[in-house]
Amino acid sequence: MTITSSDTYVSRPTLWFSLCALASVSGLFTVSWMIYRVHLPGLLTQAGWAPSIAPTLLLIEALIAIALEPLAGLFSDRLHRTKGTRFSLILFGAVLSVLLFIAIPLLAQVPLGGMKGLMLAVLISWAIATTLFRSPALALLRRYAPALRLPQAASVLTFAAGLAGSATPLASEWVKNIGAVPAFALGAILLLLSVLWLQKQEQWSPNPENGDPFESHSARSSLPVSPLHLGAIFGLGVTTALSLRLAVELLPKVLKAQVPGVTPPTFVGILFITLAIAAFPAGRFAVHKGNSLTLILGIIAAAIGFGFMGLIQNAGMAVLLAIELGIALSLLINSTLPWTLGLIPAPFTGLGIGLFFGGGAAATSLFIGWLSPKLLSPVNGMAIAWITLIGAAFCVMAGQEQAPKS
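For the sequence shown, this note's numbering begins at 179 and goes up steadily by one.
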């Protein structure tokens, strides 16, 4: 049987159960980092370090991820070409990260004396382990859906990401109150179960041991990698992550200044939940109108939302703004991975995904290392957000998305 380009894009089914398993891995990855950030100052104190070094440690981990995310993705591409699967790296990285994650709170309770540097080594090792499996895992998105349906498939991932993101404003206190050991153990167990679920789905997927025949015959599989496209993917990763971070940081600041008496975390939670729910119509829209147009509309809507921050006068307006920003960011975030896969030949899927998340890590490092609380006043923050969104638009225009052939 000859596999044509049209077959690749149209007739291949979307593997919804596999996508749900992948979404659980992605969402619990985010939850694990939330647990880590909530307890990090206390763990450092227990180990004999000043809690004030937590931002520096997070900055170091973000800088490491800038390089390791694309390298892990590239290595998984090589595994896929030579072994027919990238899952061995996913499983290794996930199991290693789970073991280190459980070890972190236990090690903090042990008197280390002159060996307190061991705690920092374990913390950084865990951060490195997480980079080994995220990009290779999300590279499976291309395997689980035909090109024309990638935005709808990505909606499942965005939904999980939105719900996981809402855990920070809505569940951080609970995570802190139950203690480090139970929180880390729960996060580790859930992440391990999600990875095992994904492994089972891989075994049930068509020809998992022989690679993906649809990837190897895709229309772009023989095309070279464009340096311009690689730069655009990294840039969109930076600007998307920075836009989201600015939204969730600025909204509470504006509410505290302009609407006294409200609880800002609730409104950030509304933003994330809206982002999650809006992913499904955003995915359907992108299927019909294209990822590039969806990204541009998300950028414009987000710019409008940032502009209206200064006009909030009451809780009702704050709810509407949180919903508007959630919809805008959903349009933006949901199309990023499908757009990335539209620019990257199939043999370099992991590299493309890794570059996108490496850009996200660069945004985190910029935020921690440069955007101090004093600089991030509402006015300055909105100006930075607009500049960031303009940069995102340039990245979208720089990447000429290849439309699937029919």
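Where is the CB? At the ideal position from N, CA and C, for every residue including glycine.
Contact under 7 Å by Cβ, residue i with residue j
i    : j    : result
A358 : H217 : yes
A539 : A240 : yes
A201 : A338 : yes
P443 : P324 : no
I213 : V353 : yes
G340 : F450 : yes
T472 : L420 : no
S344 : G205 : no
A457 : S513 : no
A563 : F484 : yes
F279 : F362 : yes
S275 : R264 : no
P329 : G461 : yes
A199 : L376 : yes
L519 : R320 : yes
P229 : L222 : yes
L277 : V300 : no
G577 : A410 : yes
T452 : I501 : yes
V203 : V373 : yes
G543 : L237 : For clarity, residue 543 is Ser in the given sequence; the question names Gly instead. Yes, Cβ-Cβ distance for S543 and L237 is below 7 Å.
Q379 : F195 : yes
R327 : T418 : no
W517 : N558 : no
Terminal residues of the alpha helix (DSSP H) in which residue i lies
i    : result
W352 : L328 to N355
M560 : P556 to A576
W382 : A358 to W382
V426 : P405 to Q436
P459 : P442 to K467
N512 : A493 to N512
R190 : First-last for R190: undefined, no H or E at that position.
L529 : T527 to G547
L319 : L319 to Y322
Beta-carbon separation (whole angstroms), residue i vs residue j, contact threshold 8 Å
i    : j    : result
A250 : L310 : 5 Å
G528 : S313 : 6 Å
G536 : A243 : 7 Å
L533 : L408 : 6 Å
V416 : I522 : About 17 Å; that fails the 8 Å criterion.
M560 : M495 : So it is not a contact: roughly 16 Å between Cβ atoms.
S210 : L369 : 6 Å
I490 : V432 : 6 Å
A225 : T336 : Contact flag wrong, Cβ pair sits at about 36 Å.
L429 : F445 : 6 Å
R259 : P556 : Contact flag wrong, Cβ pair sits at about 49 Å.
I282 : W304 : 6 Å
E129 : L554 : Since the first residue shown for the chain is 179 and the last is 584, residue 129 is missing from the structure and cannot be characterised.
T566 : L414 : So it is not a contact: roughly 11 Å between Cβ atoms.
Any chain D beta carbon closer than 7 Å to residue i
i    : result
L197 : Absence of chain D from the displayed structure is noted, only one protein chain being present.
Any non-hydrogen atom of the ligand FAD within 6 Å of residue i CB
i    : result
S210 : This structure simply doesn't include the ligand FAD, nor any ligand for that matter.
Contiguous alpha helix (DSSP H) assignments of at least 4 residues, all confined to the region 223 to 311:
232 to 261 and 265 to 286
Is it true that the region 491 to 508 meets the region 545 to 560, where meeting means three or more beta-carbon pairs spaced less than 8 Å apart?
no
Using 8 Å as the threshold, is the region 456 to 476 in touch with the region 562 to 578, meaning 3 or more CB pairs across them?
yes
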